Amino acid sequence: MAEDRTLERQATDERIHRAAIFDRTSTSRERKAAGTYVEPSREISIYRRCEVLVVGGGPSGTAAAAAAARAGADVTLLERYNHLGGLSTGGLVIWIDRMSDWDGQLVIRGFADEIFDRLPADAVAGPSQQEWGSTVSERADYWSMRTAGFHGVVTWSPTIDPEQLKVLSQEILAERGVHMVFHSLSSVPIVEDGAVKGVVFESKEGRQAIFANVVIDCSGDGDVFARAGGISELDINEDDIHHTMNGSCLMAGVDMQRWLEFRAKHPDECAAIIRRGRNELELFERPFVSWRDDIALFMGPRQAGYSALNVDDMSEVELRSTRIMKQMVAFYRAHAPGFEDAYLALSSPQLGVRHTRRLVGTGKVTRQQWPIGDVYSDEVGVSPSPSPKFPNISVPLGALIPARLNGLVAAGRHISCDANSHGFMREIPQCWLTGQAAGVAAAIASNAGIEPRNADITKVQRELKAQGAYLRGVAPGSPEPR
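Sequential numbering from 494 applies to the sequence shown in my numbering.
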């Protein structure tokens, strides 16, 4: 087996995070051709008919279901795991990236507001609102150690308790009458005359079907729209973190305050520990803060060269990630201040996938757009930009609408954007943003009996504003976000 090549990804104006990327090394799981099997046709039962079907209960799917139900639709949500939240819970991506812009203004609102208004105080850790946008070096340096300071600016990018988010997500959907179906994997979209009418899914009951007026693909990988005939893009930046995969874990029994003090006061010694870990172990990751000082978060090691559309690659990443967790615990206990009593508390039930497919939509978020700061006429959300050099970025409804597929809206990390913009549009808050927009658009289209691409954008924007979303250039008379 060849040695890993470790790429140190530096933070830049386009890349806000600094991290190590490890190349794949194994080819032992290459699959040999084994022939084909003709699956016989059969009748299957229809599990449910609804107005809006959301496939995937991750951040975008939870927001989509909540928004569609709030807009008056009869909603069903199909989820393969036993919980909601996706990577923000089961993937242990508990560092919720920036929701405030570089001036400290909160721009990712609506569903995100509801989450943080209702999470218990002890389930969230991050800077107070008074500090958002601060450029005081002492505060920016302090929060840069705690995942909330970038480019010398304090931002609202807290860490959260994943179990509390699971519970809250279910409570919100239950309150709104969403029919939640867990332990069920969408397999084949039902397509008639170029329009998605529902999906076939697999569960312990076998194959069943759900029909809906509008389907929202929140699978994260574009599974529904791709299998239904929608167009996707696959290009990536080879040296960028956004195409890597990894398992994550939580180490408990730590003293993160002691580690952070050591890191601040002895940066050279700290860097030497990280180098030693990379030299001694096949894979390695540095610790991040969590919502508690006695729990450390490890979002890696990040592994490149694997595809989350290939089951053998996904299995290989899981195997490598699990193997290294035990080794990292032993290494940190032996060498890192504050980790003397550390132990592995939890490995992520879900694999950390950043990129597979991206929709080709009727609109798109692009790198060319960043410095211009134009507000799209069909804006359904606003994202913070990756650098203070750029203004806030407008997210159009067209980025959620397939270029050549009816009956479907897409939300989450597979929306229509270029490879550069995907680096931030895949983050949890942006998934909440696009999920809420997709849910509103789907509900309005279903209620009017029209295709989502023909939904009245003024109605969509007004409903989003009524649900607390932050938008610009919306028609007069629209309610302001709370």
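A virtual CB, placed ideally from N, CA and C, is assigned to each residue, including glycine.
On a predicted model such as this, the values are computed, not experimentally measured, just so you know.
Met494 to Val629, Cα distance in whole Å?
Caution is warranted here: a pLDDT of 32 is assigned to Met494, below 50, making its placement in the model unreliable, and the coordinate value is therefore given only provisionally. In a straight line, the C-alpha of Met494 is about 48 Å away from that of Val629.
Closest by CA to Arg779, which one among Gly550, Pro884 and Thr640?
Thr640
Rank Glu956, Phe643 and Asp728 by C-alpha distance to the C-alpha of Pro620 and give the top, closest one.
Phe643
So, does the region 927–937 touch the region 557–564, judging by three or more C-beta pairs under 8 Å?
yes
Buried or exposed: which applies to Asn803, given that a residue is buried once 16 or more other Cβ atoms fall within 10 Å of its Cβ?
exposed
According to DSSP, which residues form a beta bridge with Val674?
DSSP output for Val674 lists Leu571 as bridge partner(s).
Are Gly579 and Gly550 close, meaning C-beta to C-beta below 8 Å?
Contact check for Gly579 against Gly550 passes: the beta carbons are separated by less than 8 Å.
In this structure, how does DSSP classify Ile589 when only helix, strand and coil are distinguished?
coil
Identify every residue that forms a DSSP beta bridge with Leu790.
Leu743 and Phe781
Just to confirm, are Ala702 and Ile537 a CB contact at a threshold of 8 Å?
yes
Return helix, strand or coil for Pro620, following the three-state DSSP convention.
Three-state result, Pro620: coil.
Roughly how many whole angstroms lie between the Cα atoms of Asp606 and Ser650?
13 Å
With DSSP run on the structure shown, which of helix, strand or coil describes Tyr1012?
Outside the displayed range of the chain (494 to 975) lies residue 1012, so it cannot be described from this structure.
Three-state secondary structure (DSSP) at Cys711?
coil
What is the DSSP secondary structure of Gly770, counted as helix, strand or coil?
Gly770 falls in the helix class under three-state DSSP.
Mind the definition here: the region 662–682 touches the region 853–866 only if three or more C-beta pairs lie below 8 Å; say whether that holds.
No, the region 662–682 does not touch the region 853–866.
Could you pull out every unbroken alpha helix (DSSP H) segment of at least 4 residues lying fully inside the region 806–885, listed in chain order?
none
If contact is defined by three or more beta carbon pairs under 8 Å, each pair taking one atom from either stretch, is the region 829–838 in contact with the region 892–901?
no
Which of helix, strand or coil does DSSP assign to Tyr540?
Reduced to three states, the DSSP call for Tyr540 is strand.
For Gly715, tell me which candidate among Asp787, Ser841 and Val846 has the shortest Cα-Cα distance.
Val846
Could you have a look at Asp615 and say whether DSSP puts it in helix, strand or coil?
helix
Which class does Lys697 belong to by DSSP, given the choice of helix, strand or coil?
coil
Return the CA-CA distance between Ala513 and Gly687, expressed in angstroms with no decimal places.
43 Å
Buried or exposed, going by whether 16 or more other CB atoms sit within 10 Å of the CB of Gly736?
It should be noted that the sequence gives His, not Gly, for residue 736. Per the 10 Å Cβ criterion, buried.
Apply the 10 Å Cβ neighbour rule to Thr849 and answer buried if 16 or more other Cβ atoms are within range, or exposed otherwise.
buried
Considering only residues of the same chain and omitting the five flanking positions on each side of Arg965, which have a CB-CB separation below 8 Å?
Val868, Glu872, Val875 and Ser887
By alpha-carbon positions, which one of Phe515, Pro552, Ala527 and Ile943 ends up nearest to Asp710?
Pro552
Can you give the Cα-Cα distance for Leu658 and Ala823, rounded to whole angstroms?
30 Å
Judging by CA-CA distance, which residue of Ser870, Ala633 and Ala948 is the nearest neighbour of Thr648?
Ala633
Below 8 Å on the Cβ atoms is my guess for Leu776 versus Ile729; work out the distance and round it to an integer in Å.
Between Leu776 and Ile729 the beta-carbon gap is near 20 Å, outside 8 Å, which marks them as no contact.
Report the rounded CA-to-CA distance for His576 versus Asn772, giving the unit in angstroms.
37 Å
From Glu944 to Asn899, what distance separates their C-alpha atoms?
6 Å
For the beta strand (DSSP E) holding Leu898, just list the boundary residues, first then last.
First-last for Leu898: undefined, no H or E at that position.
Grab me the residues of Phe917's own chain with a C-beta within less than 7 Å of its C-beta, minus the 5 sequence neighbours each way, in chain order.
Ser876, Pro879 and Gln923
How should Tyr530 be labelled, buried or exposed, when 16 other C-beta atoms within 10 angstroms of its C-beta is the threshold for buried?
Under this definition Tyr530 is an exposed residue.
Between which residues of its own chain and Gly854 is the CB-CB distance below 8 Å, once the five residues before and five after are set aside?
Excluding sequence neighbours, Gly854 sits near Gly891, Ala892, Leu893, Ile894, Pro895, Ala896, Ala903, Ile908 and Ser909.
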